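Chemist: Here the protein sequences line up with chains F and B, keeping their order. If you're matching positions, the first sequence starts at 80 in the working numbering and goes up one per residue. If you're matching positions, the second sequence starts at 307 in the working numbering and goes up one per residue. Glycine included, every Cβ here is placed at the ideal spot set by N, Cα and C. A quick note: this is a predicted structure, and the numbers were derived from the prediction, not measured. Let me begin by handing over the structure; questions about it come next.
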Amino acid sequence: MPVGVIVTEPAVTPEKRIGAGRPSAPDREQRVLDIIETARAKRPRFKDSAVNMSHGAGGKATQTMIEGLFVPAFASEALSQLGDSGIVSVAGTSVAMTTDTFVVKPLKFPGGSIGELAVCGTVNDLAAAGAKAQALSLAFVLEEGLDANVLREEVEAIARTASEAGVSVVTGDTKVVERGLADGMYVCTTGIGEIDPRASLGTDGLVAGDRVLVSKTIGEHGTAIMLARGELGIEADVESDTRSLWPVADVLLDAAGPDLRSMRDATRGGVASALNELARASSVGITVSEAAIPVTPEVNGASELLGIDPMYVANEGVMVAFVAPESADAALAALRSVPGCEAAAEIAEVVAEPPGMVLVETAFGGRRVMDLLAGDPLPRIC
Amino acid sequence: MKFVDEFRDPELGRVLAGEILGEVDPSRHYKLMEVCGGHTHSIYKYGIDDLLPENVELVHGPGCPVCVMPMGRIDDGIAIAAENPEVILTCFGDMMRIPGSTQSFLEAKADGADIRMVYSPLDALRIARSNPERTVVFFAIGFETTAPSTALTLKRAKAEGVPNFLCVCNHVTIVPPLRALLDSPDLRLDGFIGPGHVSTVVGVRPFEFIPAEYGKPLVTAGFEPLDVLQTIRMILAQLRKGEAKLENQYKRVVPYEGNPAALKVMQEVFELRPHFEWRGLGFISQSALKLSEAYADFDAELKYTVPGVRVADPKACQCGEVLKGVIKPWECKVFGTACTPEHAIGTCMVSPEGACAAYYNFGRYAREKEAVVS
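See the structure below:
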């Protein structure tokens, strides 16, 4: 083996370093930490020169764009809550409103399709705000040349899913763009629903001692999509969990009432991002017990091979619920009574310190920080 | 998962942690370097640090192949993709966010360069076959772990006569940077957790010089948490006995002589570069590979003019010293000011698991934890 020689400048000499060791320089270390703290506490500024794929991944880049560009531009009290839905008052009634655009590729995947997703995604964002969806708008961007049967099938899927969720499509829009511009079809839905009288939810009301529940096994939707793209050469029976979460919200509101502090539809960015957003909004810490996280063996295996943590993988049928400790057991029992939610589990506890941070107690017995991702979870090579 | 969970048993982990405690001298501070980025990931993922005594410190080494890629090489890759419309540049996913001097691949892609993520060099070859009117350039990175798969792909491309497949070879070798670190007069490391994945290819023998010439223990390690803990116990046991030996904890995968077939194909396809620049470490002689004469037709660096500019790491960047365990991340002159995770300068800030990035994000928490423990 060859001999390696560094030919850059010599390192700082040991003499210069005396007195700079860990125990003797706590003040300087504290100063550096303070600088970082100040920098991080500032509102994020959107400074990128172009939009790239990480702005759509639900991690740090997305957060910077939302909090650094959108929120300040619109100066809306409802928007700045950064909930899954915005809450507005219409003729004295509290109404939740949300919108979502669907650009999934492929259009059909095991366990669902873009049409089902377009209904469930919006219904679920309303459910997370404690509102049963009452009306949906539906907008299509269609690509020239799209097989009409594909469109028919998706329209049927939308009609069926909306009917199952008890919501009507009341208005819509259609645009067609030239071949090559829209991957077949993009779908946008907007929904409204009245806030349930049992609900007193918010993003900033978590307190130490609150428990965090997930409504079922996690990571299935994102894994199914990755595998369906066929780029990985992995085959596994993983189906998307696309489903309406209103039944889940309904039983939680019944079981916990005002003790249900918050709910989050854990889509893009996964459960980990939902926990981080709430920890920040409420200035609390969250400690996750890794051994308690429900994951199917198939998702676990695929994640292991790809070096991805299922906590960051997207779901389309997982509700994360934050419940006061007195009602946590009742809420969990109620969740498990919902068909498909038998694997619901308590996975984390809200703690006072460190504020804004999510920590994981690993199944192996150590601890680590579970931060927002910079962009998409990417397979590792090393 | 069978054959995996056995190596993640928390009960056995606690037993090993207890044994480690028995090996350490409480009056002494230990600095052990895990050479490989894969180990850094395991340590981080399982929280292995937490199971170690206060005076055993793990130092992240130079073995993360994407983090050591210098800005100039990334600029070259972007130039090939951006200035030649026929080119599809392909690379592994974790390369996409590594900053060049002005852009990362991800940002260049947003500007219109055709840059695609692949999971294997063979995927890149497949893209070349199905796009005969384009030129597919594979931006190859990695240590001896990934070099054989690039070599095999090039062999296949040659055998099949695929005319539109090229490679930018950035493969690096593990021994020269280790020797460079060990040659530094200010090195403060007591032992090495040896790189398991690289060793499956090169074997354990190339690391004999570390105990023999530098008197430091090296134990080749697997990647499961029990592997890492057992390795740490083996190193500490050597230190307690005043020994410096080469040991192999990862015998279930790593043969002493490595993988002769993989080494043969590498020898056929690659040759050593006279020198190569490492982000944070500077130029290290004979530390990287390029395509051999026989494969010159596939060498994108010969086909395209690239800027080939050496973009100097800013003078103030002290990644080298952080890697050697001489200074803590926060002692670096640019830490937290010019160098942040959003605008990383050095290798230690580039990867989220790098020593500086981890300290930037979680340093306050780590300090609070120390205060609670002590």
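1. For F/Pro-52, I'd like the list of residues in its chain whose CB is within less than 8 Å of its CB, leaving aside the five on either flank, ordered along the chain.
2. Using a Cβ-Cβ distance cut-off of 8 Å, determine whether F/Leu-306 contacts chain B.
3. Counting only beta-carbon atoms, is B/Lys-415 nearer than 8 Å to chain F?
4. For F/Asp-179, which option in F/Ala-140, F/Val-150, F/Ser-361, F/Asn-203 has the closest C-alpha, if you only look at C-alpha atoms?
5. Using the Cα positions of F/Pro-189 and B/Val-321, report the straight-line distance between them to the nearest angstrom.
6. Quick check on DSSP: helix, strand or coil for F/Glu-235?
7. Please list the terminal residues of the continuous alpha helix (DSSP H) segment that includes F/Leu-215.
8. Pairing CB atoms from the region 203–215 of chain F with CB atoms from the region 254–271 of chain F, are three or more of them under 8 Å?
9. When you compare only the Cα positions, how much space is there between B/Met-307 and B/Gly-660?
10. State the DSSP-derived secondary structure class of F/Gly-147, mapped to helix, strand or coil.
11. Are there 16 or more other CB atoms within 10 angstroms of the CB of B/Gln-409, so buried, or fewer, so exposed?
12. Would you say B/Thr-456 reaches chain F, if we count a Cβ-Cβ gap shorter than 8 Å as a contact?
13. So, is the C-beta of B/Phe-641 closer than 8 Å to a C-beta in chain F?
14. What span of residues does the beta strand (DSSP E) with F/Pro-376 cover, start to end?
15. Of the residues B/Gly-614, B/Asp-356, B/Leu-458, which one's Cα is nearest the Cα of B/Met-684?
16. When the Cα atoms are used, what is the spatial distance from B/Arg-432 to F/Ala-427?
17. Can you name the residues of chain B whose CB is closer than 7 Å to the CB of F/Asp-450?
18. Relative to the alpha-carbon of B/Glu-290, which residue among B/Val-330, B/Ser-591, B/Leu-595 has its alpha-carbon at the smallest distance?
19. Cα separation between B/His-430 and B/Ala-388?
20. Leaving out five residues on either side along the sequence, give the residues of the same chain with a beta carbon under 8 Å from the beta carbon of F/Ile-297.
21. Under DSSP, the beta strand (DSSP E) around B/Val-362 begins and ends at which residues?
22. To which residues of the same chain is B/Gly-500 closer than 7 Å at the C-beta, ignoring the five residues directly before and after it?
23. Is the shortest distance between the beta-carbon of F/Ile-97 and the beta-carbons of chain B less than 8 Å?
24. Exposed or buried, which one is B/Asp-382 when buried takes at least 16 other CB atoms within 10 Å?
25. What did DSSP end up calling B/Arg-579 once you bin it into helix, strand or coil?
26. In chain F, what lies closer than 7 Å to B/Lys-522 by C-beta?
27. Please report the straight-line C-alpha distance between F/Ser-402 and F/Glu-243, rounded to a whole angstrom.
28. At the 8 Å Cβ level, is B/Met-540 part of the contact set with chain F, yes or no?
29. What does F/Val-437 pair with, by DSSP beta-bridge criteria?
30. Cβ atoms of B/Ile-380 and B/Leu-358: under 8 Å apart, would you say?
31. Chain F beta carbons: is any one of them nearer than 8 Å to that of B/Tyr-352?
32. Is it buried or exposed, F/Leu-332, if we count other Cβ atoms within 10 angstroms and call 16 or more buried?
33. Who are the Cβ neighbours of F/Pro-102 in its own chain at under 7 Å, not counting the five residues just before and after it?
34. Please check if any C-beta of chain B sits within less than 8 Å of the C-beta of F/Met-390.
35. Name the DSSP bridge partner or partners of B/Asn-476?
36. Consult DSSP for B/Asp-356 and reduce its assignment to one of helix, strand or coil.
Modeler: Reading off the structure:
1. Nothing about residue 52 of chain F can be read from this structure; chain F reaches only from 80 to 461.
2. Sequence index remark: in the first sequence, residue 306 of chain F carries index 227 (1-based). Closer than 8 Å: no.
3. The sequence position of residue 415 of chain B within the second sequence is 109, counting from 1. The beta carbon of B/Lys-415 sits closer than 8 Å to some beta carbon of chain F.
4. Sequence index remark: in the first sequence, residue 179 of chain F carries index 100 (1-based). The shortest C-alpha separation from F/Asp-179 is found at F/Asn-203.
5. What you label residue 189 of chain F is simply residue 110 of the first sequence in a count that begins at 1. What you label residue 321 of chain B is simply residue 15 of the second sequence in a count that begins at 1. Cα-Cα distance, rounded: 44 Å.
6. Locating residue 235 of chain F in the first sequence gives position 156, where the first residue counts as 1. Three-state DSSP puts F/Glu-235 in a helix.
7. Along the first sequence, one-based indexing puts residue 215 of chain F at 136. Per DSSP, F/Leu-215 belongs to no alpha helix (DSSP H); it is in the beta strand (DSSP E), 214–222.
8. yes
9. In the second sequence, counting from the first residue as 1, residue 307 of chain B sits at position 1. In the second sequence, counting from the first residue as 1, residue 660 of chain B sits at position 354. So the alpha carbons of these two residues sit roughly 29 Å apart.
10. The residue given as residue 147 of chain F occupies position 68 in the first sequence. The answer is helix: DSSP assigns F/Gly-147 an H, G or I state.
11. Stepping through the second sequence from its first residue, residue 409 of chain B is reached at position 103. The residue in question, B/Gln-409, is buried, as its Cβ has 16 or more Cβ neighbours within 10 Å.
12. Here residue 456 of chain B refers to the residue found at position 150 of the second sequence. It does not; no Cβ of chain F falls within 8 Å.
13. The count along the second sequence starts at 1 and reaches residue 641 of chain B at position 335. Judged by the 8 Å Cβ criterion, B/Phe-641 is in contact with chain F.
14. Counting from 1 along the first sequence, the entry for residue 376 of chain F is found at position 297. No beta strand (DSSP E) holds F/Pro-376; the alpha helix (DSSP H) holding it covers 376–385.
15. In the structure as shown, chain B starts at 307 and stops at 680, and residue 684 of chain B therefore has no counterpart that could be examined.
16. Mapped onto the second sequence, residue 432 of chain B falls at position 126. Mapped onto the first sequence, residue 427 of chain F falls at position 348. In this structure, the straight-line span from the alpha carbon of B/Arg-432 to that of F/Ala-427 is close to 45 Å.
17. For this step, residue 450 of chain F is matched to residue 371 along the first sequence. Under the 7 Å cutoff, chain B gives Asn-667.
18. With chain B running from 307 to 680 in the structure shown, residue 290 of chain B is simply not present.
19. Translated into the one-based positions of the second sequence, residue 430 of chain B becomes position 124. Translated into the one-based positions of the second sequence, residue 388 of chain B becomes position 82. Going by the sequence as given, residue 430 of chain B is Ala instead of His. Taking the straight line from one Cα to the other gives about 18 Å.
20. Counting from 1 along the first sequence, the entry for residue 297 of chain F is found at position 218. Closer than 8 Å at the Cβ level, and outside the excluded window around F/Ile-297, lie Ala-345, Gly-349, Val-350, Ile-372, Pro-373, Val-374, Val-378, Pro-389, Met-390, Val-392, Asn-394, Val-397.
21. As a first step, residue 362 of chain B must be located in the second sequence, where it is residue number 56. Start and end: 362–369.
22. The count along the second sequence starts at 1 and reaches residue 500 of chain B at position 194. Correct list, in chain order: Val-341, Phe-513, Leu-524, Val-525, Thr-526, Ala-527.
23. One-based indexing of the first sequence puts residue 97 of chain F at position 18. Here the model assigns F/Ile-97 a pLDDT of 38, short of 50, so the residue's position is not dependable, and the following value carries that caveat. No, because no Cβ of chain B sits closer than 8 Å to the Cβ of F/Ile-97.
24. In the second sequence, counting from the first residue as 1, residue 382 of chain B sits at position 76. Answer is buried; the Cβ neighbour count reaches 16.
25. Counting from 1 along the second sequence, the entry for residue 579 of chain B is found at position 273. Looking at B/Arg-579 - three-state DSSP - the assignment turns out to be coil, as it is neither helix nor strand.
26. Taking the first residue of the second sequence as position 1, residue 522 of chain B is located at position 216. Within 7 Å Cβ-Cβ: nothing; B/Lys-522 doesn't reach chain F, min ~16 Å.
27. For the purposes of this step, residue 402 of chain F is taken as the residue at position 323 of the first sequence. For the purposes of this step, residue 243 of chain F is taken as the residue at position 164 of the first sequence. Per the sequence shown, the amino acid found at residue 402 of chain F is Val instead of Ser. Cα-Cα distance, rounded: 28 Å.
28. For this step, residue 540 of chain B is matched to residue 234 along the second sequence. Closer than 8 Å: no.
29. As a working mapping, residue 437 of chain F is identified with position 358 in the first sequence. Note: F/Val-437 sits in a beta bridge opposite F/Ile-365.
30. Counting from 1 along the second sequence, the entry for residue 358 of chain B is found at position 52. Counting from 1 along the second sequence, the entry for residue 380 of chain B is found at position 74. Contact flag unset, no.
31. Against the second sequence, residue 352 of chain B aligns to sequence position 46. With 8 Å as the cut-off, B/Tyr-352 counts as an interface residue toward chain F.
32. Sequence index remark: in the first sequence, residue 332 of chain F carries index 253 (1-based). Buried, because 16 or more other Cβ atoms sit within 10 Å of the Cβ of F/Leu-332.
33. Position 23 of the first sequence holds residue 102 of chain F. For F/Pro-102, the predicted structure reports a pLDDT of 43, less than 50, and the residue's modelled location is therefore unreliable. A value from the coordinates is still provided. For F/Pro-102, where only same-chain residues beyond five positions count, there are no Cβ hits under 7 Å.
34. Here residue 390 of chain F corresponds to residue number 311 of the first sequence, with the count starting at 1. No, F/Met-390 lies away from the interface with chain B (no Cβ there is under 8 Å from its Cβ).
35. Counting from one through the second sequence, the residue named residue 476 of chain B turns up at place 170. B/Asn-476 is bridged to B/Ile-447.
36. As a working mapping, residue 356 of chain B is identified with position 50 in the second sequence. Looking at B/Asp-356 - three-state DSSP - the assignment turns out to be helix.
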